[in-house]
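Engineer: Sequential numbering from 282 applies to the sequence shown in this note's numbering. Using N, Cα and C, we set each Cβ at its ideal position, and we do this for glycine too. Below are the structure tokens for one structure; questions will follow.
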Amino acid sequence: MAKCKTPPTTPGEQIAQQILNNYDIKSAEDVQDVLKQIFGPIFESMLKGEMENHLGHKKHERSEDGDNVRNGYSSKTLKTSLGEVPIRVPRDRQSTFEPQIIKKHQRDVSSIEGKVLAMYARGMSQRDIAATIEDIYGFQMSHEQISTITGCVMEEVEAWRNRPLQSFYPFAFVDCIYVSLRTEYGVQQVAVYVMLAYDVNGCKDVLGLWINETESKHAWMQIFDEL
Numbered sequence: 282m283a284k285c286k287t288p289p290t291t292p293g294e295q296i297a298q299q300i301l302n303n304y305d306i307k308s309a310e311d312v313q314d315v316l317k318q319i320f321g322p323i324f325e326s327m328l329k330g331e332m333e334n335h336l337g338h339k340k341h342e343r344s345e346d347g348d349n350v351r352n353g354y355s356s357k358t359l360k361t362s363l364g365e366v367p368i369r370v371p372r373d374r375q376s377t378f379e380p381q382i383i384k385k386h387q388r389d390v391s392s393i394e395g396k397v398l399a400m401y402a403r404g405m406s407q408r409d410i411a412a413t414i415e416d417i418y419g420f421q422m423s424h425e426q427i428s429t430i431t432g433c434v435m436e437e438v439e440a441w442r443n444r445p446l447q448s449f450y451p452f453a454f455v456d457c458i459y460v461s462l463r464t465e466y467g468v469q470q471v472a473v474y475v476m477l478a479y480d481v482n483g484c485k486d487v488l489g490l491w492i493n494e495t496e497s498k499h500a501w502m503q504i505f506d507e508l
């Protein structure tokens, strides 16, 4: 005789069962789906910094010559190893802006997506992020231009890291991926810890990213304690 499953009794168990019934939870695939969604804002922040360098002034500031100004955005779809990512590319009135991080006819960014993802991770300082951005651009940008782009990226990163989380998530998944980053010791593979959760409505959210030299039980315990 088959053993009957015990029905959920507590409110939390009932919510969890409802999500399991209504949403197709696949863990690893879901992690990839959510991670690709956070690529866009970083790329847009870097393009914002490039435009600021190009025009010589921040948004809402008056230009010295007054001839060339921002002129909205155009849409573009990037290709990553995790799927397609839509972004907005800034435009200028005179159409003289030539993006470097994603050139006009470029769509494939899979070669740098690991570096971009790592910028979100706790453990990456502003100096680390600046070094990563400089590594991505190579010799295309001066130190002053890299500094401007880093400032735009840090605004996005800090806002994402410090955003308020919900008090309750019925499900959470953890994963660890490895990316190549340039450090003072050369190019190294580092571990990026990923924590994904479902809220009571079945919506997915990345609770956080953390960076470490390798994956370990001790590092995971520190992350759980932090949350």
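Within 10 Å of its beta-carbon, does Gly353 have 16 or more other beta-carbons around it, so buried, or fewer, so exposed?
Structural biologist: Residue environment: Gly353 is assigned as exposed (fewer than 16 neighbouring CB atoms within 10 Å of its CB, all protein chains considered).
Engineer: If you count every other CB in all the chains shown that lies within 10 Å of the CB of Met238, and 16 or more means buried, which is it?
Structural biologist: Outside the modelled stretch of the chain, which goes from 282 to 508, sits residue 238, for which no answer is possible.
Engineer: Determine the burial state of Lys384: buried for a count of at least 16 other Cβ atoms within 10 Å of its Cβ, exposed for fewer.
Structural biologist: exposed
Engineer: Would you check if the distance between the CB atom of Val315 and the CB atom of Lys485 is smaller than 8 Å?
Structural biologist: yes
Engineer: Which runs of the beta strand (DSSP E) at least 3 residues long sit entirely within the segment 378–450? Give them in chain order.
Structural biologist: none
Engineer: Please classify Met247: is it buried, with 16 or more other beta-carbons within 10 angstroms of its beta-carbon, or exposed?
Structural biologist: Since the displayed the chain opens at 282 and closes at 508, residue 247 lies outside it and no answer follows.
Engineer: With 16 other CB atoms within 10 Å as the buried threshold, where does Glu331 fall?
Structural biologist: Looking at its Cβ environment, which holds 16 or more other Cβ atoms inside 10 Å, Glu331 is buried.
Engineer: Once DSSP output is grouped into helix, strand and coil, what is the label at Val460?
Structural biologist: DSSP places Val460 in strand when its eight states are reduced to three.
Engineer: For Tyr459, which option in Asp416, Ala402 and Ile504 has the closest C-alpha, if you only look at C-alpha atoms?
Structural biologist: Ala402
Engineer: Got a sec: is the Cβ-Cβ distance from Lys385 to anything in chain D below 8 Å?
Structural biologist: In the structure shown, chain D cannot be found, because there is only a single protein chain.
Engineer: Can you tell me whether DSSP reads Ser497 as helix, strand or coil?
Structural biologist: In the structure shown, Ser497 sits in coil (DSSP, three-state: anything other than H, G, I, E or B).
Engineer: What residues in its chain sit with their C-beta under 6 Å from that of Glu507, if we drop five residues either side in the sequence?
Structural biologist: none
Engineer: Taking all protein chains shown into account, decide if Asn334 is buried (16 or more other Cβ within 10 angstroms of its Cβ) or exposed.
Structural biologist: Asn334 should be labelled buried.
Engineer: Is any heavy atom of the ligand ADP found at a distance shorter than 7 Å from the C-beta of Ser461?
Structural biologist: The ligand ADP is absent from the structure shown, which contains no ligand whatsoever.
Engineer: Going by alpha carbons, who is nearest to Ser355 out of Tyr418, Ile410, Gly404 and Phe378?
Structural biologist: Phe378
Engineer: Output the boundary residues of the beta strand (DSSP E) element that contains Ser356.
Structural biologist: Arg351 to Thr361
Engineer: Near Ala412, what residues of its chain come up, given a Cβ to Cβ distance below 6 Å and the 5 sequence neighbours on each side ignored?
Structural biologist: none
Engineer: Would the beta-carbon of Lys396 fall within 8 Å of that of Leu328?
Structural biologist: no
Engineer: Does Ile319 come out as helix, strand or coil in the three-state DSSP assignment?
Structural biologist: coil
Engineer: Out of curiosity, what's the CA-to-CA distance linking Glu439 and Met405?
Structural biologist: 11 Å
Engineer: Please state whether DSSP places Lys284 in a helix, a strand or coil.
Structural biologist: Annotation note: pLDDT 49 at Lys284 (below 50); position unreliable, coordinate value reported separately. Three-state result, Lys284: coil.
Engineer: In whole angstroms, give me the CA-to-CA distance for Lys498 and Phe505.
Structural biologist: Rounded to the nearest whole angstrom, the CA to CA distance from Lys498 to Phe505 is 11 Å.
Engineer: Locate the beta strand (DSSP E) running through Arg372, then write down its first and last residues.
Structural biologist: Gly364 to Asp373
Engineer: Buried or exposed for Glu494, going by 16 or more other Cβ atoms inside 10 Å?
Structural biologist: exposed
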